[in-house]
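Numbering (the numbering used here), first residue to last: 6 to 226. Just so you know, even glycine gets a beta-carbon here, dropped at the ideal spot from N, CA and C.
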Amino acid sequence: MNKSFIPQLIASVEGVTVQQIDLESPRTTLGRKKNNNIVLDSIVVSGEHCVFDRHDAGEVTIEDLKSTNGTYINGRPITPQQLLHNNDLISIGNFNLLFVHKVPAAKPASEPAAPSSMTMSLASLGFPGTSASLSAGIEFLAGLSKGLKVPVVKAVTTFGHASGSVVAISHRRDGYYVAHATGKTLPLLNGQALGEDAKMLAHGDVLNLAGEEMRFFLKGQ
6 MNKSFIPQLI ASVEGVTVQQ IDLESPRTTL GRKKNNNIVL DSIVVSGEHC
56 VFDRHDAGEV TIEDLKSTNG TYINGRPITP QQLLHNNDLI SIGNFNLLFV
106 HKVPAAKPAS EPAAPSSMTM SLASLGFPGT SASLSAGIEF LAGLSKGLKV
156 PVVKAVTTFG HASGSVVAIS HRRDGYYVAH ATGKTLPLLN GQALGEDAKM
206 LAHGDVLNLA GEEMRFFLKG Q
């Protein structure tokens, strides 16, 4: 294997760098399950989300393992297996992983690199609004979908119909926010008209989208 460079991932959450990982082993797995080399403790991450393979020429490819929410490089969904280039930005839910190279420090030549492992928990990093214990969802209160609960797992999730009213629920560092996205009819939040200025959501808040009512909830509350 070409040792001229050690591929590296610089992990960050909402612009805050939290970890640096050297990709020294031939295969590095990433997911929510504890058996992965890189564990991202968040509901937006699948149990076995993606894998990094380092090849003999020193190149690194990333493969999405049919994850629920996908893996993005520079804002675009990756192909089943994709070659990584210096400064590619990998996005998985709230996590960003910057792919870079660095010149390795001198080290004994006899020992092969062992697969490293690390865990990142959003709660332990000071992002309680994104932890699994406070994951959010929408429960429909009437109609054919009454009782249906839909999790809010993406950075921005939309609900409603363009012919009536659509809201966007955004997942930020300090919690969840809702705003009117599109549609002729203004949505209501707890009976009050909701415009384009985002309002912070609280557990139990009720949205009305052109007559369709739904309740916002936080798990664990």
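Outcome for residue 161 when other beta-carbon atoms lying within 10 angstroms are tallied against a minimum of 16: exposed
Cutoff 6 Å; reference residue 87; Cβ partners in own chain excluding five residues on either side: 67
DSSP three-state assignment for residue 54, whether helix, strand or coil: coil
Cutoff 8 Å; reference residue 85; Cβ partners in own chain excluding five residues on either side: 68, 69
For residue 46, the first and last residue of its enclosing beta strand (DSSP E): 43-46
CB of residue 74 within 9 Å of CB of residue 52, strictly: no
Contact check, residue 103 vs residue 16, beta carbons under 9 Å: yes
Closest residue to residue 213 among 143, 11, 34 (Cα-Cα distance): 143
Residue 27 versus residue 49 - alpha carbon distance: 24 Å
9 Å Cβ cutoff met for residue 215 and residue 148: no
Completely contained beta strand (DSSP E) runs for the segment 151-219, where each covers 3 or more residues: 154-157, 161-166, 170-177, 180-187, 211-214
Alpha-carbon spacing of residue 177 relative to residue 60, whole angstroms: 37 Å
Strand pairing of residue 96, partner residues [DSSP]: 77, 101
Reduced DSSP secondary structure (H/G/I, E/B, other) of residue 83: coil
Collapsed DSSP secondary structure at residue 12 in the structure displayed: strand
Neighbour-count burial assignment, residue 82, 16 or more Cβ in a 10 Å radius: exposed
Cβ-Cβ distance between residue 217 and residue 180 below 9 Å: no
One or two residues paired with residue 69 in a DSSP bridge: 55
Nearest to residue 210 (by Cα), restricted to the options 182, 201, 79, 30: 182
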